[in-house]
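Asks: Per our numbering, the sequence shown starts with residue 209, numbered consecutively. What follows is a structure written as structure tokens; I'll ask about it next.
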Amino acid sequence: MSHAFPLFPALAVIFAGVLHAIWNALAKAASDRYAGFALIGIAQAAAGLLMVVVSGTPARASWPWIATSVALHVVYTALLARSYELGDFNQVYPLARGTGPLIVAFVAATVLGEHLTVAQFAGVGAVCGGLGALAFAGGASRRRPGAIGAALLTGVSIASYTLVDGVGVRHAGTAAGYSGWLFFGMGPLVVAWVFLARGTAVAPAVAAQWRLGLPGGLISVLGYGIVVWAQTRGALAAVAALRETGVITGVIIGAVFFRERMGLPRFAAAGVVVIGVALINVR
């Protein structure tokens, strides 16, 4: 079955990608990254509770998918934190985000019966190739094999929760209800992971960084909530690829705020990503 991607959901997912880059930059910028992730978890739990209260309860068939996604998101958070410890934002972020859409496209086509048009398939490839070029431009990441490994594992976790949520939300009957329970379940576990990893010594940093971490958490809720909704409107591979266009925002943030090198190769790679987005939306 071919899935044309409507314009409004496509634009919404691109916006969600921008939001994702912003909250990842906030996490990277935190003086204590683990405290930042704890605050993001607190914000996710609070926003999830609000969504649970105001939205409908998802269908019972979606609950196993929600539980699986909660676990995958916690693993993703741990891998993301490790990636940012080992590598630069402008290298780790594109590599992690570029891996996911390729895996999603393969599984969606071979297991879920979703088929992209030739133009859309080329667009997914262009987006992933452009993101890979962004990650390796300048060659610095080649000297950090640990960062590359952590980023690739992060990409696998991204693909995993994207596929789980793409199937789960289609069983839920309510995207808001599905997202609400996902965030409500995930947030406390992220906080628990931080305290298990760092102990109670992280508590003062959590209190000191709330102005950065809480907004980051709310931005992450809005961004991924949009993605979950979009997964009910179009092919999962197209949603995954469009979301990762936020890496262009990430590159700009890395250059401006983290003083990481941009250069002509990164501009060219960003142009390839833009071409990929256009191909995904060819009807």
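Beta carbons are placed, not taken as given, at the ideal position from N, Cα and C, and that holds for glycine. In this text, all values refer to a predicted model and were calculated from it rather than measured experimentally.
Taking 8 Å as the cut-off, decide whether the C-beta atoms of G425 and I250 are in contact.
Replies: Walking along the sequence shown from the start, residue 425 turns up at place 217. Walking along the sequence shown from the start, residue 250 turns up at place 42. Closer than 8 Å, so yes.
Asks: Beta-carbon separation of I427 and I222 under 8 Å?
Replies: Along the sequence shown, one-based indexing puts residue 427 at 219. Along the sequence shown, one-based indexing puts residue 222 at 14. Not a contact, by the Cβ cut-off of 8 Å.
Asks: Assuming R467 and L342 are in contact, meaning their beta carbons sit under 8 Å apart, how far apart are those beta carbons, in whole angstroms?
Replies: As a first step, residue 467 must be located in the sequence shown, where it is residue number 259. As a first step, residue 342 must be located in the sequence shown, where it is residue number 134. Not confirmed; about 17 Å, so no contact.
Asks: Taking all protein chains shown into account, do 16 or more other C-beta atoms lie within 10 angstroms of the C-beta of E293, making it buried, or fewer, making it exposed?
Replies: In the sequence shown, the residue the question calls residue 293 occupies position 85. Counting other Cβ atoms within 10 Å of its Cβ, E293 stays below 16 and is therefore classed as exposed.
Asks: Could you pull out every unbroken beta strand (DSSP E) segment of at least 3 residues lying fully inside the stretch 393-434, listed in chain order?
Replies: For the stretch 393-434, not a single whole beta strand (DSSP E) run of length 3 or above is found.
Asks: Suppose you measure from the CA of V260 to the CA of A380; what does that come to, to the nearest Å?
Replies: To locate residue 260, count along the sequence shown from 1; it is residue 52. To locate residue 380, count along the sequence shown from 1; it is residue 172. In a straight line, the C-alpha of V260 is about 13 Å away from that of A380.
Asks: Could you tell me the boundaries of the alpha helix (DSSP H) in which T307 lies?
Replies: For the purposes of this step, residue 307 is identified with residue 99 of the sequence shown, where counting begins at 1. F297 to T318 is the span of the alpha helix (DSSP H), which, as asked, contains T307.
Asks: Quick check: the Cα distance between L258 and F391, rounded to an integer number of angstroms?
Replies: The residue labelled residue 258 in the question sits at position 50 within the sequence shown. The residue labelled residue 391 in the question sits at position 183 within the sequence shown. So the two alpha carbons sit approximately 10 Å from each other.
Asks: Taking the continuous alpha helix (DSSP H) assigned at L444, which residues delimit it?
Replies: Here residue 444 corresponds to residue number 236 of the sequence shown, with the count starting at 1. That run of the alpha helix (DSSP H) goes L444 to R451.
Asks: Looking only at its own chain, which residues have a Cβ that is under 6 Å from the Cβ of G374, when we skip the five neighbours before and after it?
Replies: For the purposes of this step, residue 374 is identified with residue 166 of the sequence shown, where counting begins at 1. Same-chain partners within the cutoff: Q439 and L444.
Asks: Please report the distance separating the alpha-carbon of R268 from that of A254.
Replies: As a position in the sequence shown, residue 268 is number 60, starting the count at 1. As a position in the sequence shown, residue 254 is number 46, starting the count at 1. Roughly 23 Å between the two C-alpha positions.
Asks: Mind reading off the beta-carbon distance from L280 to V372? Whole number of angstroms is fine, and I expect it under 8 Å.
Replies: What you label residue 280 is simply residue 72 of the sequence shown in a count that begins at 1. What you label residue 372 is simply residue 164 of the sequence shown in a count that begins at 1. Rounded, the Cβ-Cβ distance is 6 Å, consistent with contact.
Asks: At the level of alpha carbons, what is the spacing between V312 and T370?
Replies: Position 104 of the sequence shown, counted from the first residue, corresponds to residue 312. Position 162 of the sequence shown, counted from the first residue, corresponds to residue 370. Their Cα atoms are separated by approximately 7 Å.
Asks: Identify whether R441 lies in helix, strand or coil by the three-state DSSP scheme.
Replies: In the sequence shown, counting from the first residue as 1, residue 441 sits at position 233. Reduced to three states, the DSSP call for R441 is coil.
Asks: So, with DSSP's three-state summary, where would you put A267?
Replies: For the purposes of this step, residue 267 is taken as the residue at position 59 of the sequence shown. Correct three-state label for A267: coil.
Asks: Does DSSP put A255 in a helix, a strand or coil?
Replies: The sequence position of residue 255 within the sequence shown is 47, counting from 1. Note: A255 maps to helix in three-state DSSP.
Asks: Note the first and the last residue of the continuous alpha helix (DSSP H) segment covering A345.
Replies: For the purposes of this step, residue 345 is taken as residue 137 along the sequence shown, with counting starting at 1. Here A345 belongs to no alpha helix (DSSP H), and DSSP marks it neither H nor E.
Asks: Just how far apart, CA to CA, sit W386 and L361?
Replies: As a position in the sequence shown, residue 386 is number 178, starting the count at 1. As a position in the sequence shown, residue 361 is number 153, starting the count at 1. Correcting the residue identity first, residue 386 is Tyr in this sequence and not Trp. Near 25 Å, if we compare the C-alpha coordinates of L361 and Y386.
Asks: In three-state terms, what does DSSP make of A238?
Replies: Walking along the sequence shown from the start, residue 238 turns up at place 30. Shown here, A238 sits in coil according to DSSP, grouped into three states, outside any helix or strand.
Asks: Looking at C-alpha atoms only, which residue of P214, A237 and A224 is the closest neighbour of I461?
Replies: Taking the sequence shown and counting its residues from 1, one reaches residue 461 at position 253. Selected option, being the one with the closest Cα: A237.
Asks: To the nearest angstrom, how far is it from the Cα of G244 to the Cα of T457?
Replies: Within the sequence shown, residue 244 is the residue found at index 36, counting from 1. Within the sequence shown, residue 457 is the residue found at index 249, counting from 1. Their backbone Cα atoms lie some 20 Å apart in a straight line.
Asks: Which same chain residues end up closer than 7 Å to A477 when comparing Cβ atoms and leaving out the 5 residues on each side of it in sequence?
Replies: Sequence index remark: in the sequence shown, residue 477 carries index 269 (1-based). Only G338, A341, L342 and A345 meet the Cβ criterion.
Asks: For V480, which option in V398, G395, I356 and A330 has the closest C-alpha, if you only look at C-alpha atoms?
Replies: Within the sequence shown, numbered from 1, the residue matching residue 480 stands at position 272. Answer by Cα proximity: A330.
Asks: Just to confirm before moving on: does the CB-CB distance between Y284 and V410 stay below 8 Å?
Replies: Looking up residue 284 in the sequence shown gives position 76. Looking up residue 410 in the sequence shown gives position 202. Not in contact: Y284 and V410 (Cβ atoms no closer than 8 Å).
Asks: Straight-line CA distance for G376 to P214?
Replies: Numbered from 1 along the sequence shown, position 168 holds the residue referred to as residue 376. Numbered from 1 along the sequence shown, position 6 holds the residue referred to as residue 214. If you take the alpha carbons of G376 and P214, they lie about 21 Å apart.
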